[in-house]
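>
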Amino acid sequence: MKNVGQREPNVIPGFGITLGFTTFFLSAIVLLPLSALVLKTAGLDWSRFVEVIASPRSLASYRLSFGASLVAASVNMVFGFALAWTLVRYDFPGRKLVDAIIDMPFALPTAVSGIALATIFSVNGWIGQYLEPRGIFVAYTPLGITIALTLIGMPFVVRTVQPALLEVQRDLEDAAETLGAGRFYVFRRIIVPTVLPALLTGFTLAFARAVGEYGSVVFIAGNKYMETEITPLLIIFRLEEYQYAEAAALGFVMLTISFVMLLAINLLQVWGRKRMMVSR
Amino acid sequence: MGGPSSHADVAAELATRPGHTNLRSALVRWLLITVSLTFLGALLAAPLAAVFAMALDQGWNAYFSSFSDEATRASIRLTLTAAAIVVPLNTVFGITAAWCIAKFEFRGKSILITLIDLPLAVSPVVSGLIYVLLFGTNGWFGLWLQDHEISIVYALPGIILATMFVTFPYVARELIPLMQQLGNDEEEAAITLGAGGWFTFFRVTLPRIRWGLIYGVILCNARAMGEFGAVSVVSGLVRNITMTMPLQIEALYNEYNMVGAFALASVLSLLAVVTLIIKTLVEGRAGYRRR
């Protein structure tokens, strides 16, 4: 009985009990509550569902959440690559410190980075005071939201690109250069193809995280009607009005996006592994 | 694996590579380091520095006296209570899930791994919303709970559940790759020689995974104490009763009590800094591999 579901005999004990406990805990904490969301949405009749998820206010929030997340993830793709490259290829004083601080957004509570960003980029803030005379307003604008989303997505790109850059075969680069290839050619034909799956995975992870982000955004967003309202904020508003089914409908939209993102990330990783195998 | 495996190796190798000491590559190198560090400084270092600068804006006395506020103290107590319940439970789950996934081959394993990671992809607001839908007055179990005078949403149990959902994957994610990399050989040897399952876990497996486990637990703790979106949905924001530290930071900030808000934020920032220091120390240990 112990070996049910196993492909090969294994002397290590505890398969049944650990698998049982894992699935039970996973179902109780994650799957059952998520299915409540789906069923609550299903309780809403179709026309009301469409009315809620396609209202002008909801559509404006999708545009903002998607647009800002897309820009933030793209900025991270460029600067995250530069950071990963700098950390992997160059040695400079303080590199260890920089490497450690990259993970800060993972460990720093979102509310803390939220109020800190809102303060720095306010008109009198450290950075805001230099931008304001040039007509650049960050606080309470989509630009501010984009900056907050860039902050929380940054480590995802750096941490996925870093190991991929370490895998780039240096002898291939050397060979290309010996044969007369320029640095840019080497970069375009050898380095970019090797790290591309990792770069796209990092982009998707950063984007997925940004779309659902709440804490670091609400303080700098100012939450102006139809202008700087992100989708998670609309869910909170619906809940405050005790419109549970409507809140669930918007939550359902966000959950669907999460699943699509997860699928994309898994496909990208499979693609990346295949490319790795071919290149060897 | 082969090839250069650490930064030091790469840097050493770079020094011996031809054609890399010319002016143009030095310029590119200088440019990239400057751009990267400026980006990092504006985006990460500045907010962190701002937290401490704002907290100490009115001097140390104002900083310390902000912690004598009763609501602030209550929020610290609540956060510590919630973390004390959530972190051990998620640690037990993480170890169990990692044992099951790393030690055995079974159908549906990759689906299980994806499902464990699922909370990371779900918006924190949705994570809170699902518990309101389950246990709120209009929820599935709402009426039954009301009849038995049990409150989950807008009370401590709801905060615990939402925090648990959000920090669910952290310990498991740290341990699964580590245990997969370590393999089964030593455990198999111990079992074959007659050791029991628990004995094998505590005397063979645990010593080898302890650094990864420590980091997983510390990160889970930092996320649990700092969770904002999910907790704000289930909390109901009852002052002195259901306000965790991040919610209290928001309340103080909205009241323009900047010293109070940033003083409390500085505590969570210090926790984040300590978490990163421990991570750096753990990664220096043998047998620990960065993903």
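Just so you know, the sequences run in chain order A and B.
First residue of the first sequence: 1, per my numbering; consecutive thereafter.
First residue of the second sequence: 1001, per my numbering; consecutive thereafter.
Don't be surprised by glycine CBs; every beta carbon is placed ideally from N, CA and C.
Being a predicted model, the structure only gives us computed values, none of them experimental.
Whose Cβ in chain B lies nearer than 8 Å to the Cβ of lysine 284 of chain A?
This structure does not reach residue 284 of chain A, given that chain A is present from 1 up to 280, and the question cannot be answered.
> Residues of chain B with CB closer than 7 Å to the CB of threonine 18 of chain A, please, in chain order.
Within 7 Å Cβ-Cβ: Thr1096, Trp1099, Cys1100.
> Using C-beta distances below 6 Å, list every residue in its chain close to alanine 1172 of chain B, excluding the 5 sequence neighbours before and after it, in chain order.
Around alanine 1172 of chain B: Gly1094, Ala1097, Ala1098, Ile1116.
> Going residue by residue through the region 1247-1289 of chain B, where are the continuous alpha helix (DSSP H) segments of at least 4 residues, counting only ones entirely within it?
Counting whole runs of 4 or more residues, the region 1247-1289 of chain B contains the alpha helix (DSSP H) stretches 1258-1283.
> CB-CB under 7 Å to glycine 1226 of chain B, same chain, minus the five flanking residues each way: which ones, in chain order?
For glycine 1226 of chain B, where only same-chain residues beyond five positions count, the Cβ hits under 7 Å are Pro1246, Leu1268.
> Exposed or buried, what is asparagine 1090 of chain B when buried is set at 16 or more other beta-carbons lying within 10 Å of its beta-carbon?
By the neighbour-count rule (16 or more Cβ atoms within 10 Å), asparagine 1090 of chain B is buried.
> Between which residues of its own chain and threonine 194 of chain A is the CB-CB distance below 6 Å, once the five residues before and five after are set aside?
Val168.
> Which of the three DSSP states, helix, strand or coil, is assigned to phenylalanine 1228 of chain B?
In this structure, phenylalanine 1228 of chain B counts as coil in the three-state DSSP scheme.
> Touching or not, the region 1046-1063 of chain B and the region 100-114 of chain A, by the rule of three or more beta carbon pairs under 8 Å?
In short, these stretches touch, since the Cβ pair count reaches three.
> Taking just the CA atoms, how far does serine 47 of chain A sit from serine 1151 of chain B?
Each residue's alpha carbon lies about 34 Å from the other.
> Using a 10 Å radius around the Cβ and a threshold of 16 neighbouring Cβ atoms, would you call proline 1207 of chain B buried or exposed?
So proline 1207 of chain B counts as exposed.
> Buried or exposed: where does glutamine 1248 of chain B fall if 16 or more other Cβ atoms within 10 Å of its Cβ makes it buried?
It counts as buried.
> Comparing C-alpha positions only, which one of B:Ser1123, B:Ala1222, B:Thr1205 sits nearest to methionine 261 of chain A?
Measuring from the Cα of methionine 261 of chain A, the nearest candidate turns out to be B:Ser1123.
> Measure from the alpha carbon of methionine 1179 of chain B to the alpha carbon of each residue in B:Ala1082, B:Phe1262, B:Cys1100, B:Ala1042, then state which is nearest.
For methionine 1179 of chain B, the nearest C-alpha among the options comes from B:Cys1100.
> Between alanine 1265 of chain B and the rest of its own chain, which residues show a CB-CB distance below 6 Å, the 5 nearest in sequence each way excluded?
So the list reads Val1051, Ile1249, once near-sequence residues are dropped.
> Have a look at arginine 1107 of chain B and phenylalanine 237 of chain A and give me their C-alpha separation to the nearest angstrom.
Rounded to the nearest angstrom, the two C-alpha atoms are 42 Å apart.
> Could you list the residues in the region 1136-1149 of chain B with a C-beta less than 8 Å from some C-beta on chain A, going in chain order?
If the cut-off is 8 Å between Cβ atoms, the region 1136-1149 of chain B has Gly1136, Asn1138, Gly1139, Trp1140 near chain A.
> What is the DSSP secondary structure of phenylalanine 1106 of chain B, counted as helix, strand or coil?
Strand, per DSSP.
> By alpha-carbon positions, which one of B:Tyr1154, B:Pro1169, B:Leu1112, B:Gly1196 ends up nearest to valine 1231 of chain B?
Nearest C-alpha to valine 1231 of chain B: B:Tyr1154.
> List, from N- to C-terminal side, the alpha helix (DSSP H) runs of 4 residues or more that fit wholly inside the region 24-110 of chain A.
Whole alpha helix (DSSP H) segments, 4+ residues: 32-42, 46-53, 56-89, 95-101, 104-107.
> Under 8 Å between C-beta atoms, does leucine 1175 of chain B make it to chain A?
Not closer than 8 Å to any Cβ of chain A, the Cβ of leucine 1175 of chain B fails to qualify, so no.
> Are the region 1053-1073 of chain B and the region 1187-1202 of chain B touching by the rule of at least three beta carbon pairs closer than 8 Å?
The region 1053-1073 of chain B, when compared against the region 1187-1202 of chain B, does not touch it at the 8 Å Cβ threshold.
> Are alanine 72 of chain A and leucine 149 of chain A touching if we call contact CB-CB under 8 Å?
Cβ distance < 8 Å, so alanine 72 of chain A and leucine 149 of chain A count as in contact.
> Under three-state DSSP, which class holds proline 1047 of chain B?
Note: proline 1047 of chain B maps to helix in three-state DSSP.
> Have a look at B:Arg1029, B:Ala1263, B:Ala1071, B:Ala1026 and flag the residue whose alpha-carbon is nearest the alpha-carbon of arginine 1239 of chain B.
Ranking the options by Cα distance to arginine 1239 of chain B, first place goes to B:Ala1071.
> Tell me which same chain residues have a C-beta within less than 6 Å of the C-beta of phenylalanine 1165 of chain B, skipping the five on either side of it?
Hits under 6 Å: Pro1119, Ser1127.
> If we ignore side chains and look at the alpha-carbon of each, how far apart do phenylalanine 1228 of chain B and arginine 183 of chain A end up?
Going by the C-alpha atoms only, they are around 46 Å apart.
> Whose C-beta lies closer than 7 Å to the C-beta of threonine 1205 of chain B among residues of the same chain, with five residues either side of it excluded?
For threonine 1205 of chain B, where only same-chain residues beyond five positions count, the Cβ hits under 7 Å are Glu1187.
> Of the residues that make up the region 37-48 of chain A, which ones have a beta carbon closer than 7 Å to any beta carbon in chain B?
Those residues of the region 37-48 of chain A that come within reach of chain B (Cβ to Cβ, closer than 7 Å) are Leu37, Lys40.
> Going along the chain, which residues of its own chain have a beta-carbon closer than 7 Å to the beta-carbon of threonine 281 of chain A, five neighbours each way excluded?
Residue numbering for chain A in the displayed model covers 1 to 280; residue 281 of chain A lies beyond these limits and cannot be assessed.
> Buried or exposed for threonine 1297 of chain B, going by 16 or more other Cβ atoms inside 10 Å?
The displayed coordinates of chain B run from 1001 to 1291. Any statement about residue 1297 of chain B would go beyond what the structure contains.
> Report, in whole angstroms, the separation of the C-beta atoms of isoleucine 230 of chain A and isoleucine 145 of chain A, which I expect to be a contact under 8 Å.
So it is a contact: roughly 7 Å between Cβ atoms.
> Look up tryptophan 126 of chain A in the DSSP assignment and say whether it is helix, strand or coil.
Tryptophan 126 of chain A: coil per DSSP, three-state reduction.
> So which residues on chain A does arginine 1210 of chain B lean against when the C-beta distance must stay under 9 Å?
Chain A residues near arginine 1210 of chain B: none, gap ~19 Å exceeds 9 Å.
> Determine, for leucine 1133 of chain B, whether the minimum Cβ-Cβ distance to residues of chain E falls below 8 Å.
Annotation note: the requested chain E is absent from the structure, which comprises protein chains A and B.
> Can you check whether the CB of alanine 1102 of chain B is closer than 8 Å to the CB of isoleucine 1176 of chain B?
In this structure, alanine 1102 of chain B lies closer than 8 Å to isoleucine 1176 of chain B by Cβ.
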